[in-house]
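Note sheet for the following structure.
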Amino acid sequence: MATHHTSTPHHTSTPHHTPDVSPAHHETSSPHPTEPRPTTGGGGHGGGYALHTESLGTMEGHLGRTKDKVHAVGRTVSGANFGAQSMGLVGSTMTGTLNTTVSAAKEHVTRAGKAVEDAGTRTKAVREHYQTTEANAADTMTAAGKHVDAPTEKTAASGSGGGGTPPPGANPPRPPDDPGGMHNNRGHHATDDELRGQYTRDSMQTRPTSTDDQIRATASRLGYDPDRHLAMTLQPTADLTPAQRAEIVAVRNELKANPGELMTKVVKPEIGEATLANQTTYVDLHSGATETNYPTSVAGSIARGSDSAQYGTPQEFRDRLALDDKGAGWTPIKAGAGEAYQLRFPALDESKAMEISYGGTDPVTAHEMQSLSGQQGPRELKPPFLGTGYTGGGVPEWMHTPRGYAGRGEMWLVHADGTESLAGVYLEKRGWFDVRGRGGSGA
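Structure representation (structure tokens):
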């Protein structure tokens, strides 16, 4: 997530970059699915339209496999149950809500399974109808004294003599040979399934309590006053006593980011656009300078998705992440912005990849926080940096060392009306795919 201290040269809001030198490649597009295809000469055959009933059979197979997958998901959802005992401290106050959500999910899965099954049944009926129709047509033509090959299970041809318009309903479009998806500007291909958004706002809400409640509960469990401690997290470490700094570290260390957990980072619009285009430079809109961009990796200030998912507009991000730069030019979200660019990616299974943002705004405090936390070096940064391990709005914050994405990353646009939309998907060794305008590529 974009740092609130990007004015320093060591902590920028750009994702870190590892060059990708894979050669670009392109694929030739397939013929139009309804293009007339001449039948073979001889035997009284003329030009006609090829009817590919085998494509309908292939579609049946795909739908059958999809049905199996939906049923497997249904079995998993059906096995979910949240009892008060299993929910620990949350107890019965949450079990009803969660089980209601599970029940709704069961209904959605059931409807999805029924829809896939119905589609398979209809596809089979269409295939059998055309095969029967063509067989009957062949019999009729043969009885009339004209030689016509009867259609096989694989292919069937309609028409008697030259080309022309096929009879109504006798020529369903042939499914294209192209598997779908898209190529990015580096020539790499991704399927439609790969380009569907996985890291939605809802998918990031993995914790049953708010961030503030997590802080209060942890402080109370460790013997500290929860409300007093919560207020203390919003103060610069330079204003705290040594005992208060030790308390801050003790509580903040308990707020974990697990390997694979979704993390987030807000970036400047110009960085977001350059990243989606796989560009290694961008022009800073504030300074006009050309800067280096790192589209294949991420670095700097980040936050857990479960914390940032609580905020739904650019202004909320600007406030809770303390991104008011007072005109300095480093903020990724300007006042009144209509949208915010947010990177979402899984946390690496590497302890050194992320450090809690302990430190201070002066050398003495920075070194004391280093000693208390056991981190490798002191972190001294300018305000609004606090050094408590939280942003100025109270969101738990980590500093991410330059690392590549763990296989996948996504760029989402958070809009001023509270909605969000998928802008792009990063796939390892293939780069970013800008999916805007594709339709159906979102959640």
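Letter by letter, the sequence shown follows residues 1 to 443 of our numbering.
Here a beta-carbon is modelled for each residue, glycine too, at the ideal position from N, C-alpha and C.
Small disclaimer: the values here were computed from a predicted structure and weren't measured.
Worksheet item: Does the stretch 418 to 436 touch the stretch 358 to 370, meaning 3 or more C-beta pairs lie closer than 8 Å?
Response: In this structure the stretch 358 to 370 does not lie against the stretch 418 to 436, because fewer than three pairs of beta carbons, one per stretch, are closer than 8 Å.
Worksheet item: Using the C-alpha atoms, what's the distance from residue 391 back to residue 301?
Response: What you label residue 301 is simply residue 301 of the sequence shown in a count that begins at 1. What you label residue 391 is simply residue 391 of the sequence shown in a count that begins at 1. In this structure, the straight-line span from the alpha carbon of residue 301 to that of residue 391 is close to 9 Å.
Fill in: Where residue 434 falls: helix, strand or coil (DSSP)
By 1-based counting over the sequence shown, the position of residue 434 is 434. Reduced to three states, the DSSP call for residue 434 is strand.
Worksheet entry | Where residue 332 falls, given that 16 or more other Cβ within 10 Å makes a residue buried | Numbered from its first residue, the sequence shown carries residue 332 at position 332. By the 10 Å Cβ count, residue 332 comes out buried.
Worksheet item: Are the stretch 376 to 391 and the stretch 231 to 243 touching by the rule of at least three beta carbon pairs closer than 8 Å?
Response: Touching, yes.
Discussion item. Per DSSP, what are the beta-bridge partners of residue 330 in this structure?
Written reply: Reading the sequence shown from its first residue, position 330 is the one you call residue 330. According to DSSP, residue 330 shares a beta bridge with no other residue.
Practice prompt. If I'm right that residue 287 touches residue 329 with Cβ under 8 Å, what's the distance once you round it to whole angstroms?
Written response: Against the sequence shown, residue 287 aligns to sequence position 287. Against the sequence shown, residue 329 aligns to sequence position 329. Between the beta-carbon of residue 287 and that of residue 329 there is about 6 Å, and that keeps the pair under the 8 Å contact cut.
Discussion item. Can you find the residues in the same chain that come closer than 8 Å, C-beta to C-beta, to residue 283, ignoring five residues on each side of it along the sequence?
Written reply: Along the sequence shown, read from residue 1 onward, the residue named residue 283 stands at position 283. Its chain contains 270, 289, 290 and 291 as the residues whose beta carbon lies nearer than 8 Å to that of residue 283, once the 5 sequence neighbours on both sides are disregarded; these appear in chain order.
Item to complete: Pick out the complete beta strand (DSSP E) segments inside the stretch 265 to 299, 3 residues or longer, and give them in chain order.
Response: The qualifying runs are 281 to 283 and 290 to 292.
Discussion item. Suppose you measure from the CA of residue 421 to the CA of residue 242; what does that come to, to the nearest Å?
Written reply: Stepping through the sequence shown from its first residue, residue 421 is reached at position 421. Stepping through the sequence shown from its first residue, residue 242 is reached at position 242. Taking the straight line joining both Cα atoms gives about 45 Å.
Practice prompt. Give the secondary structure of residue 379 by DSSP, where H, G and I count as helix, E and B as strand, and everything else as coil.
Written response: Translated into positions along the sequence shown, residue 379 becomes position 379. Here residue 379 sits in coil by DSSP.
Worksheet item: Where residue 278 and residue 245 are concerned, what is the direct C-alpha to C-alpha distance, given to the nearest angstrom?
Response: By one-based count along the sequence shown, residue 278 stands at place 278. By one-based count along the sequence shown, residue 245 stands at place 245. Rounded to whole angstroms, residue 278 to residue 245 spans 42 Å at the Cα level.
Worksheet item: With 16 other CB atoms within 10 Å as the buried threshold, where does residue 258 fall?
Response: Within the sequence shown, the letter at position 258 stands for residue 258. Residue 258 comes out exposed.
Practice prompt. Following the continuous alpha helix (DSSP H) through residue 368, name the residue where it begins and the one where it ends.
Written response: Along the sequence shown, read from residue 1 onward, the residue named residue 368 stands at position 368. Run containing residue 368: 363 to 373, per the alpha helix (DSSP H) assignment.
Practice prompt. Return the first residue and the last residue of the beta strand (DSSP E) that residue 409 is part of.
Written response: Here residue 409 is taken as the residue at index 409 of the sequence shown, counted from 1. 408 to 415 is the extent of the beta strand (DSSP E) around residue 409.
Worksheet item: Just how far apart, CA to CA, sit residue 352 and residue 298?
Response: The count along the sequence shown starts at 1 and reaches residue 352 at position 352. The count along the sequence shown starts at 1 and reaches residue 298 at position 298. Computed Cα separation, rounded: 14 Å.
Item to complete: Pull up the distance between the alpha-carbon of residue 337 and that of residue 381, whole angstroms please.
Response: For this step, residue 337 is matched to residue 337 along the sequence shown. For this step, residue 381 is matched to residue 381 along the sequence shown. Looking at the two C-alpha atoms, the distance is approximately 26 Å.
Worksheet item: If we call anything under 9 Å between Cβ atoms a contact, is residue 295 one with residue 275?
Response: The residue you call residue 295 lines up with position 295 of the sequence shown. The residue you call residue 275 lines up with position 275 of the sequence shown. Their beta carbons are under 9 Å apart, which means residue 295 touches residue 275 by this criterion.
Worksheet entry | Cβ separation of residue 411 and residue 354, assumed to be a contact under 8 Å, to the nearest whole Å | The residue you call residue 411 lines up with position 411 of the sequence shown. The residue you call residue 354 lines up with position 354 of the sequence shown. That belief does not hold up - the Cβ atoms of residue 411 and residue 354 are roughly 20 Å apart, past 8 Å.
Discussion item. I'd like to know whether the C-beta atoms of residue 261 and residue 306 end up nearer to each other than 9 Å.
Written reply: Looking up residue 261 in the sequence shown gives position 261. Looking up residue 306 in the sequence shown gives position 306. Going by C-beta atoms, residue 261 is nearer than 9 Å to residue 306.
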